[in-house]
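Here the structure comes first, spelled out in C-alpha cells, and everything after it is commentary.
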Amino acid sequence: MQVKFIGIHLLITLTVIFLMAILLIILSTFFYLLYKRKRSKQRDDLQRLFYLLIGKVIFNETVISEKGENNKRIIIPRKFQKKLKKRYARQVMKTVILDSKNNLTDAYGENLKILYNQTGLKKDALRNLYFDSRWYLKADAIQELSRMQQADCLHHIYRYVNHKNRYVRMEAESAMINLWGFRGLRFLNFIAYPISEWQQIKLLRQLAHFKYEEFKGIEKWLRSSNDSVVIFALKLVRVYHRFELYDAVKEVLLHPCADVRKNCIITLRNIYREDTALLLIKNYDQEGRDCKLAILDAMSEAGTEDVIPFLMEEIEHGDDEYKLKAANAIMVVKRGEGLQLLKSQPFAGSFPWNEIIVQLKGEEAG
Amino acid sequence: MSWQTIVLNLLIYGFLAYSIVIISFYIFIGIYSVGETIKYMHKNSFVDYRLLAVSPEAPAFSVIAPAYNEGVTIIENVRSLLSIYYNELELIIVNDGSKDDTLHKLIEAYDLEKCALFVNVRIPVKPVRGVYKSRNPVFHKLIVVDKENGGKADALNAGLNMAAHELVVCIDVDCVLEQDALLKMAKPFLENPQINMIAVGGVVRVANSCKIENGRLVKVVLPESWIARFQVLEYMRAFLLGRMAWSRLNGLLLISGAFGAFKRQIAIACGGYSTKTVGEDMELVVRMRRFMEEKKEPYKVAYIPDPLCWTEVPTDMKILGRQRNRWTRGTIETLWRHKRLFFNRRYGLLGMLSYPYWFFFEFLAPLLEGFGFILIIIFALSGLINWIFFLSMLFFILSFEFLYSAFAILMEGLTYNQYPGGRDTVRLLFTAFIEPFVYHPLVVWFAVRGNIDLWRRQSGWGEMTRKGFQSTPKMF
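So the sequences go chain by chain: A and B. Going by the numbering used here, the first residue of the first sequence is number 824, and it counts up by one from there. Going by the numbering used here, the first residue of the second sequence is number 1486, and it counts up by one from there.
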C-alpha cells in the first residue's frame, strides 16, 4: 500500500504542476495576443509618422547643406527626435528607411543615407555587429549596412566573411558584392568555409545588378583548395563567357571532387572549342554516372564528327538514360542524318529504340 | 500478497511508468522544437526567396500529382498548381486509370494532345496508356500521364519515371499550395554543401472553412466543423512541435504524402514508392534513410514549418475512420518491413531513437490505451479498482493532454499566428479541453480497428468522398 501512496502522491504533484503550467500558458497566450495588437497599432502610427518625415527628406524639404553639397544635414523635428529615443521607434524607423531605400533610385536614396546616419541607426548596427554575441543581430546589422550602401563600413564587414556562423558570413559575402561590385569577389581569395549553392545563386544574382567589368582572380579561384570556390569560379566563367580562361578551366577536369568535375564539364560545354568534345571523352570511362551524363549532354553542344564512334558505343549502354542522351547528341552532331543512322542500326526496331526513335522523329519534325 | 494483487500492481505501475515515459518524451519534443523554430524564424528573416524565382541557376522541380476520379475538381486543381510561383518547373499529373471523366476534362480544358514520348521505366509500374502535352504554349509546363489503375504509389512511381528534373515534389492534386511554396522547398536542398539533403517535408494545414479563390488561399478561417477543428489542433501539435523537434534531431521518419520534396535519384535508387503498403509516404522516407545509412553517407531529411500547403480534412466520422485506419495500417506495415532497424546501432539515430519511438509511442500507444480502457471496466466491475489512484492517473493524463495542446496553440500564436483573433484562441483552447473526452477516444478506436483490419488482412485505401479539395495528409 505504501507503493500506491507514493504513486498517488507523485501523480497529484505532477497534475498540479501541469495545471499551473496550463494557466501560465493560457495567460501568456492572451497576454501575447494583446501585446501584439498593441504593438501593431503602435507600429502603424509610427510608420505613418516616419513616412511623412521620409517624404520630406526625399524631396529635400528638410535638408540643409553646410559647407557644400557633401555636408548635408537633415532637420529632424523635435517630436521625431523624442520618439526616436525609444528602441521600438528606432526599429520601426529602420524598417521604414530600408523599405524606402529599396524603392528609390540612388539619387533620392542619398538623403536617406544621411537620415540613417543622423538618427544613429548606423551606430546601432555597428554596435550590434561588434558587441552583440547573437548571430542573427550580427547578420541583420551586416545586411542593414549593406542595404544602406554604407561603403565606409566595408572594413568592418569583410572580416566576418570567415565568421563561424554560416548566416553571418553569408551576409558578409553578400555585403562585399553589394558594396563593392565585382571587386567584392576578392573574398574568394581567403574564404575558409564552403559557399552553399543557395549563396552562390544569391551572389550571382547580386552581380547581375552591376555593370560588367573585367575582374581578375578566377585562375586563382579555379585552383582553390575550397571546392565550393572552384565551383563558383566555374559558374562565373560560364555566366560571364570568359572564353580566354578555357585552358585554366580544362585543368579542373582532373579535380578530385566529382561535383567540381561535373561543373567543369558544364562550363566547358558553354565555352567549348573544337577539341572540347574529344577532351571530355578522354576520361569518360573513369567518371561516375553524373559526370558521364553531363558529358553526353555536352556532346549536344560541343560534339563533332570525331565523337560519333563514341556515341555509337553509348547508345548500346544498359541504362536507357545514356541511350537517350547519346541519341540526342547524334541527332545534333549528324544534323538531318542522325535519325537515318539510328534507324539503320540492327536494334532499331526493338524496345526501347522503337519508342526513342519515334520521339526523336517527333522532335525533329517539331 | 495474492497473485491477483501482484498482477494488478504490475499492470497499474506498468501503465504509470509508460505514461511517465511517453509524457517525458512529449515534454522533450515540445521544448526541443522551440529552439529549432526560433532558429528557423531568425534564419528566415534574412532570406529573399524571390531571387530563386528569377535565377537561371535555380534548381528545376518536377511536381508529381496523382489523380484518381477527380473529375469534379481536376481543372481547378491543375490551374491552381500551374499558378505556383516558380520558373523551372514541370507539372506531371498522373491519371491513375480514373473511371470518371478526369482525363477527358483535362484534354479539353488544357488543349492536350497525345505525344510520342519515351518513358525511361526505372521503377516498374502499370502500363502507361499515353503521355499528353498541351498545344497551347501557356500550359507548356503541364504533362499528363494516363496509365492503368495501380494505386497512389504506382501513380507516383509513374511520375518519378517521367520526371525530367532531379528534385521532385509529390503532392495531392487537391491541395492548395502557397505561391512561394516551391521557393521555400528548394532552399534546404541548396543550403548545405557538405550534407546530402535527400528529402524535405512541408507543413500541411487545414483548409476547411478557409476562403479560397481561383485555387488560391485568400483568408484563413478556423473551421466551423468540430471534427475539422480537432484536426487543426492535431496538425498544430504534429507539425509545429513534433516534426520540428525530429527535424532538429535529424530523425524525421515521415514526410506527408500531401506535400513533400525528394531527390529523384535517391528515391529511384531505393525502388520508388512501395505499392505493397498503404503508408507509402512514410515507407519511402524510412527506406531512403536506410539506404543512406547503409551507404554510410551523411544526409538529412529537413522540414519547413511555414504553412505552405492547405488541404481539406474529413468532416465525416466514417471518412475520418477510414483515413486513420489506413494510417495505422501504413505505420505497422512500414515498421514491420523495416524491423531490422529496431535498436540496431548500425543505423544510428534512425535505429536507436526514431524507429523505437514510432514503435513504442505511435504504434503501441493506441493499443495500450484501448487495452487499459478494457482493464478499467473489468477492474471496476470486479471491485478491484483503487478509485483514488485511478482518478489521480486520469487527471494526470488529461491535464498533460490539455497542456500539450495549449503549448501548441501558444507556439502557433508566437510564430505564424494563422488564427489571430482572441475568439479563435478561445475556441481552440476549448477544443483542446474537450478533445480528450470526445475526439481522442474515437481516434484510438480507429487505430485499434486498423490493427484488427491488418490482422484480418484487409488492405486498400477505401473510398474517399471529395468535397472541393479533400485530402489525406498523415501526421504525428
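For glycine and all other residues, C-beta sits at the position ideal for the given N, C-alpha and C.
Asked                                                                                                                     : Found
Any chain A beta carbon closer than 8 angstroms to B:S1884                                                                : yes
Outcome for B:F1513 when other beta-carbon atoms lying within 10 angstroms are tallied against a minimum of 16            : exposed
Proximal residues, the region 839-855 of chain A versus chain B, C-beta separation under 8 angstroms                      : F841, L842, A844, I845, I848, I849, S851, T852, F853, Y855
Interface flag, A:A995 vs chain B, CB-CB below 8 angstroms                                                                : no
Continuous beta strand (DSSP E) assignments of at least 3 residues falling wholly in the region 1670-1717 of chain B      : 1681-1691, 1696-1698, 1701-1704
B:T1796 versus B:L1834, B:F1747, B:L1726, B:C1660, residue with shortest Cα-Cα distance                                   : B:C1660
Buried versus exposed, by CB contacts within 10 Å (16 or more), A:M824                                                    : Only weak support exists for where A:M824 lies, its pLDDT of 44 falling under 50; the value from the coordinates is given anyway. Its Cβ having fewer than 16 others within 10 Å, A:M824 is exposed.
Beta-bridge pairing of B:G1615 - partner residues as DSSP gives them                                                      : B:D1631
Straight-line gap, A:R866 to B:G1907 (C-alpha atoms, nearest Å)                                                           : 20 angstroms
Simplified DSSP assignment, three categories, for B:R1610                                                                 : The identity of residue 1610 of chain B in the sequence shown is Val, whereas the question assumes Arg. Three-state result, B:V1610: coil.
Nearest candidate by alpha-carbon position, reference B:F1546, set B:Y1525, B:K1524, B:E1573, B:M1526                     : B:E1573
Against chain A: residues of the region 1590-1623 of chain B by CB proximity under 7 angstroms                            : C1600, A1601, L1602, F1603, N1605
Cα-Cα separation, B:F1915 to B:A1743                                                                                      : 28 angstroms
A:K1058 at chain B interface by Cβ criterion, 8 angstroms                                                                 : yes
Chain A residues whose Cβ lies nearer than 7 angstroms to that of B:K1528                                                 : Y990
Beta-carbon gap between A:L876 and A:F853 smaller than 8 angstroms                                                        : no
Through-space distance from B:A1552 to B:K1611, alpha-carbon basis                                                        : 15 angstroms
B:A1787 to B:G1764 span [Cα, whole Å]                                                                                     : 20 angstroms
Interface residues of the region 1009-1037 of chain A facing chain B [CB-CB below 8 angstroms]                            : P1017, I1018, S1019, E1020, W1021, Q1023, I1024, K1025, L1027, R1028
Contact set between B:G1907 and chain A, taken where Cβ atoms lie within less than 9 angstroms                            : F853, L856, L857, R860
Chain-ordered neighbours of A:I1089 on chain B, where CB pairs are closer than 9 angstroms                                : Under the 9 angstroms cutoff, chain B gives no residues; its nearest Cβ is about 11 angstroms from A:I1089.
When A:D975, A:V1083, A:M993 are compared against A:Y983, the one with the closest alpha-carbon                           : A:M993
Chain A within 8 angstroms of B:G1582, Cβ atoms only                                                                      : no
Proximal chain C residues relative to A:I1179, where beta-carbon distance stays under 7 angstroms                         : The structure shown has no chain C; the protein chains it does contain are A and B.
A:L837: contacting residues in chain B (beta-carbon distance under 7 angstroms)                                           : F1881
Minimum Cβ-Cβ distance from B:P1921 to chain A less than 8 angstroms                                                      : no
For A:F1033 and B:H1625, the rounded distance between their alpha carbons                                                 : 33 angstroms
Cβ of B:E1676 within 8 angstroms of any chain A Cβ                                                                        : yes
Among A:G1111, A:L1077, A:E1144, the one whose alpha carbon lies nearest that of B:A1649                                  : A:E1144
DSSP three-state assignment for A:D1098, whether helix, strand or coil                                                    : coil
Proximity test, Cβ basis, 8 angstroms: A:I1041 and chain B                                                                : no
B:R1934 beta carbon less than 8 angstroms from that of B:N1810                                                            : yes
Interface positions of the region 924-958 of chain A facing chain B (Cβ-Cβ less than 9 angstroms), listed along the chain : R957, W958
Straight-line Cα distance separating B:F1747 from B:N1681                                                                 : 11 angstroms
From A:Y858, A:T928, A:Y953, A:Q1029, residue whose alpha carbon lies closest to that of B:L1537                          : A:Q1029
Ordered list of beta strand (DSSP E) runs contained in the region 857-885 of chain A, each at least 3 residues            : none
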